[in-house]
Amino acid sequence: KEAEALDWSTRMRIVMGVAYCLQFMHDLSPPIAHPSLYSKFIYLTDDFAAK
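The working numbering applies: residue -1 is where the sequence shown begins, and numbers increase by one.
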């Protein structure tokens, strides 16, 4: 499948979702640190929300 170009508001939605997830993981007791955060490991919903 060919990659779809994303506008800046969609990109920001994805980045903010990832940041929210990382904050949640870091706030756990004990905190969880993700050792390899790459774009290929970020799963998106149909409306481009990070899972």
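Where a beta carbon is used, it is the ideal one built from N, C-alpha and C, also for glycine.
A quick note: this is a predicted structure, and the numbers were derived from the prediction, not measured.
By DSSP, does L42 sit in helix, in strand, or in coil? strand
For Q21 and F39, the rounded distance between their alpha carbons: So the alpha carbons of these two residues sit roughly 17 Å apart.
In this structure, how does DSSP classify A17 when only helix, strand and coil are distinguished? Secondary structure of A17 (DSSP, three-state): helix.
Based on Cα-Cα distance, which residue from A17, P28, D45, S27 lies nearest to L35? The shortest C-alpha to C-alpha distance from L35 to any of A17, P28, D45, S27 is the one to A17.
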